[in-house]
Amino acid sequence: MTETIAETQTETVPKGRYSGKVDIGLKTPKYLVELAQVSKHFGSNHVLKGVSLRVKPGEVCSIIGPSGAGKSTLLRCINLLETPDSGNMVVAGQYVDLGKPQDRRALLSLRRNVGMVFQSFNLFPHLTVMDNIALPQRRVLKRTEAEAKEHGMELLERVGLADKADSYPAKISGGQQQRVAIARALALEPKAMLFDEPTSALDPELAQEVLTVMKEVASSGMTMLVVTHEMNFARNVGDHLVVMEDGAIIEEGDPEQIMSDPAQERTRQFLAAVINH
Amino acid sequence: MNTFEFWGDNFPQMLAGMGVSLQLTLGALVMGIPLGLLLALGVSSKLRLLRWVCLALVEVGRGAPALVVLYVVYYGLPVLKLSPEAMTCAYIGLTYTTCAYTSEYIRGGLKSVSPGSIEAAHALAMPGLDVLRFIIIPQGLRVAIPSLMGFAIQIFQATSLTYSITVREVTAVSYSVASQTFRALEIFTLAGIMYAIITIPASWLTNKVEQRLTLRH
Ligand SMILES: Nc1ncnc2c1ncn2[C@@H]1O[C@H](COP(=O)(O)OP(=O)(O)OP(=O)(O)O)[C@@H](O)[C@H]1O
Ligand SMILES: [Mg+2]
């Protein structure tokens, strides 16, 4: 099964980077998320051009890059909100051949292990904050209402919103909504969390309270993939930095290293644009 | 006998007729709205045959006047060697009209559900049926409530058509009183007042609900 399409294409991957071969032989996986040669088209638009990436357990991997680079699409392929054309991946021990149609059970078990936080929060507007967090626990983990609420309350306390349990999403601020969305995802006890520009829709102060929560989640040992424009977060909280452009990873490595001395001219330009912004 | 005495004398049977009208309205809504929901889901289905069958049912139900539907049921069922009572025919006809119309209101509501909340539910590993049941349908129905309430008023008025298939609802009662007493204007005025006593507060309530729902979001 390690015979992947990657093998024929290793030459296209710049030297020094992961070659794009899923390693599923290990008993205790070294990586919690491994992507190999993930490719995706939207019509004739080649949005992901064989992306390979490895994220260790507990690692915070920040993904940056210009608009249209394919960052969101990459995250959405990991929990199969988008269906890639080809490639394969191992997520929390589950091997997925991306070229094939996924069966329902495999799809749901993958998503159970991977939480996602969206730029636009996406809370359920017809449910209270508590029910937003309790409903998925009841339906997905088959927790009782009482268990789900007890667990929900602990999480609301953790994100500092215990007093908002009975509010509707429309009645709380964007930053608060995003913290609820994080609590809702955490409630399913995922093995990894995907964040797609979680603070981009927020004013700086509100963004800060979300970043604080994310930092706490990171320090609890959660494996995180974070698409972000928050360079401070990527530098101070992130363990690994991935720079994407035009459907490919153009550079990756230690955040500090890349930010102070990028190897690629494109990275330098991008960083200059973001930091001067 | 002045008008008020005339109204007083006939009020008990008019009230009984109004009872029948309300019963028909309630029955058509209780049976028609869930069927309307199923039709709305069918019309949105990926299965082409199911989609077409549901679409045909909806379009015919909306295209044909409620009176014609009632006649088709009333004269059609005996052809199939069934001989249901007029009241049963009225329930069937009005329920069909109700499900055809409400399916469109409900479909509009379902379509208005924010894709973000649906996507979040999928990302949270909720199975497709759960997403429909807990996320899409509750939000969609909420949006459809004002138009469903508006429709309820219309179908209440449409129950008067069942007089033509011999149902003793309030219009039929008025008609027979008129033919016995020749005081048609007075008795139909009373019928009109009785309808209005129900529809005016109902419209007012519909507006209130609509305002509240738009404020919430
Ligand atoms: N559902 C879709 N249908 C068609 N094209 C899409 C779709 N989603 C994304 N694309 C295209 O894919 C490319 C990559 O989009 P993507 O959203 O992944 O970029 P991004 O790096 O997240 O950008 P941004 O920083 O603007 O969020 C873009 O050219 C975009 O237009
Ligand atoms: Mg994006």
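Going line by line, the protein sequences match chains A and B.
Residue numbers for the first sequence follow my numbering, beginning at 1 and rising by one.
Residue numbers for the second sequence follow my numbering, beginning at 1 and rising by one.
Beta carbons: idealized from backbone N, C-alpha and C, even for Gly.
As the structure is a prediction and not an experimental result, all values here were calculated from the model.
DSSP-derived helix/strand/coil call for residue i
i	result
A:D261	coil
A:G115	strand
A:F121	coil
B:F182	coil
B:Q23	helix
A:G253	strand
B:A158	helix
B:M218	Nothing in the structure corresponds to residue 218 of chain B, since chain B is present only between 1 and 217.
A:L26	In this prediction, A:L26 has a pLDDT of 47, which is less than 50 and means its spatial position is unreliable; what the coordinates show is noted afterwards. Of the three classes helix, strand and coil, the one that applies to A:L26 here is coil, per DSSP.
B:S164	helix
B:Y101	helix
A:M193	strand
A:G87	strand
A:E245	strand
A:Y168	coil
A:D97	strand
B:N10	helix
B:P84	coil
A:D131	helix
B:R62	helix
A:D103	coil
A:A201	coil
Within 8 Å, strictly: CB atoms of residue i and residue j
i	j	result
A:G70	A:G247	yes
B:G93	B:A66	yes
B:P127	A:L108	yes
B:T102	B:G150	no
B:F156	B:I197	no
B:M194	B:M1	no
B:A152	B:T25	yes
A:L211	A:L75	no
A:Q269	A:I250	no
A:G115	A:Q37	no
A:L110	A:V90	no
B:P146	B:V73	no
A:F124	B:I135	yes
A:S52	A:L80	no
A:A273	A:P255	no
Chain B contact residues for residue i, given Cβ-Cβ distances below 7 Å
i	result
A:M259	Those within 7 Å of A:M259 in chain B number zero; the least Cβ separation is about 30 Å.
A:N122	G116, S117, E119, A120
A:L155	By Cβ distance, chain B contributes nothing, its closest Cβ being about 14 Å from A:L155, past 7 Å.
Where residue i meets chain A, residues with beta-carbon distance less than 7 Å
i	result
B:Q211	Those do not exist, as B:Q211 stays about 16 Å from chain A at its closest Cβ, beyond 7 Å.
B:Q157	In chain order: nothing, as chain A lies at least about 31 Å away.
B:D130	R139
CB contact check: residue i to chain B, cutoff 8 Å
i	result
A:V140	yes
A:M130	no
A:S44	no
A:M222	no
A:L98	no
A:R158	no
A:M231	no
A:L188	yes
A:G111	This sequence places Arg at residue 111 of chain A; Gly is not what is there. Taking Cβ atoms only, chain B reaches closer than 8 Å to A:R111, which makes this a yes.
A:F118	yes
A:E3	With a pLDDT of only 38 at A:E3, under 50, the local geometry of the prediction cannot be trusted, and the value read off the model is given with reservation. Chain B contact via Cβ: absent.
A:L108	yes
A:L32	no
8 Å Cβ cutoff, residue i in contact with chain A
i	result
B:G228	As displayed, chain B neither begins before 1 nor continues past 217, which places residue 228 of chain B out of reach and without an answer.
B:R107	no
B:P146	no
B:P12	no
B:L124	yes
B:I135	yes
B:Q23	no
B:T214	no
B:R51	no
Residues that DSSP places opposite residue i in a beta bridge
i	result
A:N45	A:F42
A:C61	A:L225, A:H240
A:R54	A:E34
B:Y91	DSSP lists no partner for B:Y91.
Interface residues of chain B facing residue i [CB-CB closer than 8 Å]
i	result
A:P136	A121, L124, A125, M126
A:R179	Here the premise fails: no neighbours, minimum Cβ distance about 15 Å.
Cross-chain neighbours of residue i in chain B, by beta carbon under 9 Å
i	result
A:H151	Under the 9 Å cutoff, chain B gives no residues; its nearest Cβ is about 14 Å from A:H151.
A:L81	E119, H122, A123
Where residue i meets chain A, residues with beta-carbon distance less than 8 Å
i	result
B:P138	H126
B:R142	H126
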